[in-house]
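A short write-up of the structure that comes next.
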Amino acid sequence: MTQKYTKKHEVSYYECDINQTMTFPSMLGVVIKTSEDQSDHLNRGTDFVSGFGLTWVITNYSMKINRLPHVGENIAITTQAMQYNKFFCYRNFWIHDEEGNELVEIESVFVLMDLVNRKMSSVNEEIIAPFESEKIKKIKRQEKIEPIESGLMLPYRVRFYDIDSNQHVNNAMYFNWIIDVLGYDFLTTHTPKHVLIRFDKEVEYGNEIESHYEQVASGTEVKTRHEIRMQGQLYCVANILWEKKEVTK
Numbered sequence: 001m002t003q004k005y006t007k008k009h010e011v012s013y014y015e016c017d018i019n020q021t022m023t024f025p026s027m028l029g030v031v032i033k034t035s036e037d038q039s040d041h042l043n044r045g046t047d048f049v050s051g052f053g054l055t056w057v058i059t060n061y062s063m064k065i066n067r068l069p070h071v072g073e074n075i076a077i078t079t080q081a082m083q084y085n086k087f088f089c090y091r092n093f094w095i096h097d098e099e100g101n102e103l104v105e106i107e108s109v110f111v112l113m114d115l116v117n118r119k120m121s122s123v124n125e126e127i128i129a130p131f132e133s134e135k136i137k138k139i140k141r142q143e144k145i146e147p148i149e150s151g152l153m154l155p156y157r158v159r160f161y162d163i164d165s166n167q168h169v170n171n172a173m174y175f176n177w178i179i180d181v182l183g184y185d186f187l188t189t190h191t192p193k194h195v196l197i198r199f200d201k202e203v204e205y206g207n208e209i210e211s212h213y214e215q216v217a218s219g220t221e222v223k224t225r226h227e228i229r230m231q232g233q234l235y236c237v238a239n240i241l242w243e244k245k246e247v248t249k
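For the record, in the sequence shown the residue sitting at position 144 is 144 according to UniProt numbering, with numbers rising by one throughout.
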């Protein structure tokens, strides 16, 4: 049976936006910290992994959102390393409120990357063993992310504080470029319900990226399609399903 690990967290005001709900970078920061704490607990932390010349990189997220955590709320983040094959590790996260209601479920895909050549490495059994996750042969198919058909674009420059200790843009920061283009009016009247995102390439400091997007309406729901491009190449793709907020009188 794979090991579960749970950590409590109080949502601070600086982790939230004008809607008083947790931003994606803040939420993913807490989520990833939980997986790092589990790794440390199992003596498989950053130092152990880097001893093999490797580091963990996230390639995909799939999120189902019942509601986002809000400011001042006490939440519990649970993580479990579910399965792995030769190249991919599948880890789930769940966020619950104090009453035990599930707020967010996240499925993620991790790979090990060589620190020198920045290429994907096969999964090291010594690193993965203590998590007791199931070994599988097949590569799990990820949900299809629809490409943009005809969208708009805004440019963004990669800033110093977008870069993490790996010298590259932290994956959570891509959400700033993806979400910001939708604008104040949209973001204060819609809530995200389902997110699919795939990270294809690393972005480095000083580059200028293009955040392409389009909206497709369907009843009370809106799907937004996103692509982060640089010099004609695709770096990140995402689809987000949004629900229009009910107007309270």
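Quick reminder that beta carbons are idealized off the backbone N, C-alpha and C, glycines included. Given the structure is predicted, the values throughout are model-derived calculations rather than measurements.
How many Å lie between residue i and residue j at the Cα?
i	j	result
Thr46	Glu210	32 Å
Asn124	Phe160	33 Å
Glu214	Ala238	11 Å
Lys138	Phe87	10 Å
Ala129	Ser50	16 Å
Glu126	Lys8	29 Å
His212	His190	19 Å
Lys223	Gly206	31 Å
His146	Glu227	A small fix is needed here, since residue 146 is Glu in this sequence, not His. Rounded to the nearest angstrom, the two C-alpha atoms are 10 Å apart.
So residue i is in the beta strand (DSSP E); what residue range does that whole segment cover?
i	result
Asp114	102-114
Pro155	152-157
Glu36	Looking at the DSSP string, Glu36 is not in any beta strand (DSSP E); the run it does join, the alpha helix (DSSP H), is 24-41.
Phe186	It is not in any beta strand (DSSP E) - Phe186 instead sits in the alpha helix (DSSP H) that spans 184-187.
Lys245	From DSSP, Lys245 is part of no beta strand (DSSP E); its letter is neither H nor E.
Met230	221-230
Grouping DSSP H, G and I as helix and E and B as strand, with all else coil, what is residue i?
i	result
Tyr205	coil
Thr79	strand
Ser62	strand
residue 254	Any answer about residue 254 is impossible in this case: the structure gives the chain only from 1 up to 249.
Ser133	coil
Glu126	helix
Glu15	helix
Phe87	coil
Ile179	helix
Val195	strand
Thr6	strand
Asn92	strand
Asn171	helix
Could you pull out every residue in the same chain whose Cβ sits closer than 6 Å to the Cβ of residue i, ignoring the five residues on either side in sequence?
i	result
Leu54	Leu112, Ser121
Leu115	Gly53, Thr55
Asp162	Val169, Met173
residue 323	As shown, the chain starts at 1 and ends at 249. That puts residue 323 outside it, with no answer to give.
Glu134	Gln83
Tyr5	Gln38, Thr79
Is any non-hydrogen atom of the ligand SAH found closer than 7 Å to the C-beta of residue i, if you look at the structure I gave you?
i	result
Val169	Questions concerning the ligand SAH fall outside what the structure shown contains, since it holds no ligand whatsoever.
Between which two residues does the alpha helix (DSSP H) carrying residue i extend?
i	result
Thr46	46-50
Might you give, ordered along the chain, the residues of its own chain that have their beta carbon closer than 7 Å to the beta carbon of residue i, omitting 5 neighbours on each side?
i	result
Glu221	Leu241, Trp242, Glu243
Leu154	Val181, Ser211
Glu102	Asn66, Trp94, His96
Once the 5 residues before and after residue i are set aside, which same chain residues still bring their CB inside 8 Å of it?
i	result
Asn92	Thr79, Gln80, Met82, Glu105, Ile106, Glu107, Ser108
Do three or more CB pairs link the region 5-17 to the region 71-80 at distances below 8 Å? yes
Would you be able to state if there are at least three C-beta pairs under 8 Å between the region 16-33 and the region 129-147?
-> no
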